[in-house]
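Structure record follows, encoded as structure tokens.
There are 2 protein chains.
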Amino acid sequence: MVDVLSEETEVAKASCKGRGRPRSEDVDHLILEAVLDVVAEVGITSVSMEGIAARAGVSKASIYRRFDSKDKLTVAAVEYMREQSPEIPTSGTAFERLHGLLDGLRASLPSSRYGRIMVNVLAASNENPALAKLVYERILIPRRARIRELIQEGIDSGEFPSNINIDVAMPILVGPMLYLGMWSMVDPVSETKTIDVLRAVLNPQHQ
Amino acid sequence: MVDVLSEETEVAKASCKGRGRPRSEDVDHLILEAVLDVVAEVGITSVSMEGIAARAGVSKASIYRRFDSKDKLTVAAVEYMREQSPEIPTSGTAFERLHGLLDGLRASLPSSRYGRIMVNVLAASNENPALAKLVYERILIPRRARIRELIQEGIDSGEFPSNINIDVAMPILVGPMLYLGMWSMVDPVSETKTIDVLRAVLNPQHQ
DNA sequence: GAATTACGATACGGTAGCGTTTCGTAATCT
DNA sequence: AGATTACGAAACGCTACCGTATCGTAATTC
């Protein structure tokens, strides 16, 4: 849960060190968490001020005091979201750790709040390209960076071939996880599939 | 545009060979096309009877005469959708044809009506799992079958290694296209990337 | 203690879409 | 010709959400 809500955020519209009652940070968090929940469950289109207020247990006035439009609200929610970092495996070989991370990604795609937000934002990217870009840069890119690090570790330790081009390896490693996870709510994937695929990609001789 | 509208569809609710004025097939098509357009552009949640009527240039009554709920309407639209088959390349090596098909898939992901419908249905899969399953089985599976055929052709002709397991090869070939295409509207992919990836997957010695 | 600001609750008129119904007209079957 | 059904257009009451405003109360600063 950490803390946060960066200083530069739009949130602080009028009440920067004012004299009266200060704004409740609890209310800030309640609102943004509610937005993230709704986006994950039913999509950005279905975010409504009234619905968020009801869900967060907060008055509409408290929302409008902070965000004067739905766009500002969703943008702030995404900025607030920063990195529900998945636990990065630390034990085992580079292959095992990479497998752990990637299989976690695959499994989280349809089920986790994180994964569902990504899909819903992607679906709305036509309507709201600015938000899509923001999510891509603030959420997806950092995630990918962690995978890159793990691949680099494997290369440095000699476990993976040294001539790997990471920019080519990324789609080859991550892509199959998207393929396997994306529709798994209607067509579940056997648990051994991920490792079969990773083995085929990283140890072609065993294919 | 073909023809179609299967006989078993829900559409024929009361007017199977009745006596009066027959239902216009033009109206059938106008309605379902409008639904597909709206789903592609703004998502299933945003499909409204009024919106469809206006867009199709049809009265609401004509819609309700055929579909008594929005669910029935969207399901019928998907069933009507059957396969806007992408042109399957016929010239060149198996690699070249596979590349053509897969690169077409990648490029169509964010831009084509087909690709946008898939993402929007996926995003709504929580709310409407039945529709998600229908789309998956009627649209996605047949598409994948065509890719499988192309891979099998390459194996049969000796161009691809004979020990390939197609169930493993599919995620490895298709997955990277998802990875590269999915966010390309906010982060365009260089055109040579697809072929780099395919080369790395199919000719590991050149990696 | 007085001024100031945030809070929850509640209410307002306005808009959009819902599902249904009624109308007059058009097309097809017997 | 007459019966029957589909068509577009329009109107119905209903609900949800919008953005705004007003209230009394709570929490801070001066």
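Protein sequences appear in the order of chains A and B. All the letters of the first sequence, read from the start, carry residue numbers 1 to 207 under the working numbering. All the letters of the second sequence, read from the start, carry residue numbers 208 to 414 under the working numbering. We treat Cβ as the ideally placed atom computed from N, Cα and C, and that holds for glycine.
Own chain partners of residue i with C-beta closer than 7 Å, once the 5 adjacent residues on each side are dropped
| i | result |
| --- | --- |
| I155/A | S162 and I164 |
| P395/B | none |
| R21/A | none |
| I324/B | L243, V246 and A247 |
| I172/A | V201 |
Other residues of its chain near residue i: CB distance less than 6 Å, five sequence neighbours each side excluded
| i | result |
| --- | --- |
| D68/A | none |
| L134/A | V78 |
| L30/A | A56 and V58 |
| E360/B | A301 |
| G388/B | R313 and L316 |
| S322/B | Sequence check: residue 322/B is Gly here, not Ser. Within the same chain, G322/B has close Cβ partners S315 and L316. |
| V404/B | P383 |
| R320/B | A247 |
Cβ-based burial, residue i [other Cβ within 10 Å; buried from 16]
| i | result |
| --- | --- |
| I88/A | exposed |
| E232/B | exposed |
| G175/A | buried |
| S332/B | buried |
| V45/A | Sequence inspection shows Thr at residue 45/A; the Val mentioned does not correspond to that position. When all chains shown are included, T45/A counts as buried. |
| G18/A | exposed |
| I373/B | exposed |
| G43/A | buried |
| P110/A | buried |
| Y343/B | buried |
| E283/B | Checking the displayed sequence, the identity of residue 283/B turns out to be Ala instead of Glu. With 16 or more other Cβ atoms within 10 Å, it is buried. |
| T401/B | buried |
| R66/A | buried |
| Y271/B | exposed |
| A132/A | buried |
| A337/B | exposed |
| N327/B | buried |
| M1/A | Residue confidence for M1/A is low, a pLDDT of 37 falling below 50, so the modelled location carries little weight; the figure read from the coordinates is stated next. Under this definition M1/A is an exposed residue. |
Where the alpha helix (DSSP H) through residue i begins and ends
| i | result |
| --- | --- |
| L36/A | E25 to V42 |
| R167/A | A quick correction: the sequence has Asp, not Arg, at residue 167/A. Counting along the chain, the alpha helix (DSSP H) containing D167/A begins and ends at I166 to M182. |
| P110/A | A94 to S111 |
| L347/B | Per DSSP, L347/B belongs to no alpha helix (DSSP H) and is neither H nor E. |
| M256/B | M256 to A263 |
| E79/A | K70 to M81 |
| I270/B | K267 to R273 |
| V396/B | From DSSP, V396/B is part of no alpha helix (DSSP H); its letter is neither H nor E. |
8 Å CB neighbourhood of residue i in its chain, flanking five on each side removed
| i | result |
| --- | --- |
| L308/B | P293, I295, P296, R353, I354 and L357 |
| V47/A | V35, V38, V39, K70, L73 and T74 |
| R144/A | M170 and V174 |
| K267/B | M256, E257 and A260 |
| S397/B | none |
| H298/B | Position check: residue 298/B holds Ser in this sequence, whereas His was assumed. R304, listed in sequence order. |
CB contact below 7 Å: residue i versus chain B
| i | result |
| --- | --- |
| T192/A | no |
| P142/A | no |
| Y179/A | yes |
| I155/A | no |
| L150/A | no |
| Y114/A | no |
| D196/A | yes |
| V78/A | no |
| V27/A | no |
| V58/A | no |
| Y136/A | yes |
is_contact[residue i, chain A] using C-beta, thresh 7 Å
| i | result |
| --- | --- |
| M392/B | yes |
| V282/B | no |
| V326/B | yes |
| A339/B | yes |
| S253/B | yes |
| A407/B | yes |
| S332/B | yes |
| V242/B | no |
| L316/B | no |
| I379/B | yes |
| P383/B | yes |
| V396/B | no |
| G250/B | yes |
| V246/B | no |
| L305/B | no |
| L329/B | yes |
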